[in-house]
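Structural data, given as structure tokens:
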């Protein structure tokens, strides 16, 4: 009997193909219209939980219902207080075009919460493997989530990145014709490039036996232990520094030159003089960062954005500075330092060179480091302004204890220019209801009516948060 193509199988068929024969037990009560296969089984006799996204249905896009199911799976993987050594391994299958655009900010928030929960599980020592399969592969905010597990397997025909090759070409079309743009964007997200860059740990033939063999090897070699949060943050810093060095060494790399316009000191204003910087303000791309004190407590401030040019968002340079500052804050003596972020970026940078050198992985390390900071007891508040989209929301805002947003702030799975290119690519008429993208649609976000009220709200939230931790 011919070995079937793994990517051609449905999610349920994939589960049956990678697990020990006859061991797959599907989770009951999963609605038929949700593109997920969830269940338990065994791989070489070891108990595992599988959660596979089915790209054959709705393009594998994730909305609120899908996120709710995935969150339940992750929540049950390791209950609070449980020992990771007794938890079964978790296999996540990514075959998805991203967050469902039509569901807007609520879907992005729900999927982002799953990403935070996944980072928390990995930090606590649960063994997790990502399997990314083609031809859809993995794009959008889920591409950040797929980089969190200890091992990542790709089929040899799969693609993995934040922005799809054709979408990059559409967004960048206004910069003028570039005959090599489509080719380089296509190569940037390919499995061979992901393996060469260290983003993927194994590339398997797109067959059921090929993927199962890669899974068996990953699970045999994977340690099962929790890590100290300070060590997690340090490793995230090292990974982002390596990615940045590779990016800067590329001949086509063009460093971003931010505006020299003086930035208003948000923290001095927001805390009415209680914020005192200690040392220099560090700059990296769109990020301004500084260590300081907030009253008697040590604190780290991170100001992300706004970008000065259309299409510029957060990239590897910003991720490297954020993780470096989180590492420095984690090493301070005394009570865990508060983290105060102001996120005004439109989203991630749309650039094939950044994609090639692991932009999605850099943002995953930001998410991982912030989750680790939270695990070690650091209070985290994120304030959104203007617009915060897609993976930028997931990486910088979702791990926070509290998320605030200025009145009228927009949150959506895609930035406006990327959404317009996406609609054009799909042959849809451009345009959307801006009300559907307001941060007020996300129940967990507290809306701040004016900048005048921001200082009082921040003080209230920080005091309440410190009392809860």
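Numbering (our numbering), first residue to last: 34 to 502.
Just so it is clear, CB atoms sit at the ideal spot from N, CA and C, and this is done for glycine as well.
Next on the checklist: With H, G and I counted as helix, E and B as strand and the rest as coil, what does DSSP make of residue 255?
Outcome noted: Here residue 255 sits in coil by DSSP.
Checklist entry - Near residue 155, what residues of its chain come up, given a Cβ to Cβ distance below 8 Å and the 5 sequence neighbours on each side ignored? => result Once the five neighbours on either side are set aside, the close Cβ partners of residue 155 are 161, 181, 182, 183, 401.
Item to check | Cβ shell of residue 353 (< 6 Å), same chain only, five flanking positions each side left out | outcome: Taken in chain order, the residues that qualify are 273, 274, 277.
Item to check | Top-ranked residue by Cα proximity to residue 427, from 143, 262, 50, 53 | outcome: 143
Next on the checklist: Rounding to the nearest angstrom, what Cα-Cα distance links residue 388 and residue 481 in this structure?
Outcome noted: 35 Å
Checklist entry - alpha helix (DSSP H) containing residue 317: first to last residue? => result Counting along the chain, residue 317 falls outside any alpha helix (DSSP H), though it belongs to the beta strand (DSSP E) covering 315-317.
Checklist entry - According to the neighbour-count rule (16 or more other Cβ atoms, all chains shown, within 10 Å of its Cβ), is residue 443 buried or exposed? => result buried
Checklist entry - Does DSSP put residue 383 in a helix, in a strand, or in coil? => result coil
Checklist entry - Per DSSP, residue 375 is paired with what? => result 336, 416
Item to check | Whole-angstrom C-beta distance between residue 130 and residue 90, which should lie under 8 Å | outcome: Contact flag wrong, Cβ pair sits at about 12 Å.
Item to check | Inter-residue Cα distance where the pair is residue 319 and residue 100 | outcome: 30 Å
Checklist entry - For residue 101, does the three-state DSSP call read helix, strand or coil? => result helix
Next on the checklist: Tell me the residue span of the alpha helix (DSSP H) that contains residue 276.
Outcome noted: 262-282
Item to check | Identity of the residue in 87, 333, 97, 49 nearest residue 81 by Cα | outcome: Of the listed residues, the one whose Cα sits closest to residue 81 is 49.
Checklist entry - For residue 53 versus residue 68, is the C-beta spacing smaller than 7 Å? => result Their beta carbons are not under 7 Å apart, which means residue 53 does not touch residue 68 by this criterion.
Next on the checklist: Which runs of the alpha helix (DSSP H) at least 4 residues long sit entirely within the stretch 72-117? Give them in chain order.
Outcome noted: Within the stretch 72-117, complete alpha helix (DSSP H) segments of at least 4 residues are found at 97-110, given in chain order.
Checklist entry - Buried or exposed: residue 364, going by 16 or more other Cβ atoms within 10 Å of its Cβ? => result Taking all protein chains shown into account, residue 364 has fewer than 16 neighbouring C-beta atoms within 10 Å of its C-beta and is therefore exposed.
Item to check | alpha helix (DSSP H) segments (min. 4 residues) lying fully within the stretch 38-68 | outcome: 44-51
Checklist entry - Hey, quick one: how far does the alpha helix (DSSP H) through residue 303 stretch, first residue to last? => result Unbroken alpha helix (DSSP H) run through residue 303: 299-303.
Checklist entry - Hey, would you say residue 339 sits closer than 7 Å to residue 377, going by beta carbons? => result Taking 7 Å as the Cβ cut-off, residue 339 and residue 377 qualify as a contacting pair.
Next on the checklist: For the structure I just gave you, are there three or more beta carbon pairs, one from the stretch 95-114 and one from the stretch 403-421, closer than 8 Å?
Outcome noted: no
Checklist entry - Leaving out five residues before and five after residue 360 in sequence, what residues of the same chain have Cβ atoms less than 6 Å from its Cβ? => result Excluding the 5 residues flanking it on each side, residue 360 has same chain C-beta neighbours closer than 6 Å at 266, 267, 270, in chain order.
Checklist entry - How many angstroms separate the CA atom of residue 455 from the CA atom of residue 77? => result Taking C-alpha positions only, residue 455 is separated from residue 77 by approximately 42 Å.
Checklist entry - Are there 16 or more other CB atoms within 10 angstroms of the CB of residue 136, so buried, or fewer, so exposed? => result buried
Next on the checklist: Quick check: the stretch 107-120 against the stretch 58-73, are at least 3 beta-carbon pairs closer than 8 Å?
Outcome noted: no
Next on the checklist: For the structure I just gave you, are there three or more beta carbon pairs, one from the stretch 219-226 and one from the stretch 435-449, closer than 8 Å?
Outcome noted: no
Checklist entry - What does residue 327 pair with, by DSSP beta-bridge criteria? => result 308, 330
Next on the checklist: Pop quiz: residue 286 and residue 336 are said to be a contact at Cβ under 8 Å. What is the actual Cβ separation, rounded to whole angstroms?
Outcome noted: About 24 Å separates the two Cβ atoms, so there is no contact after all.
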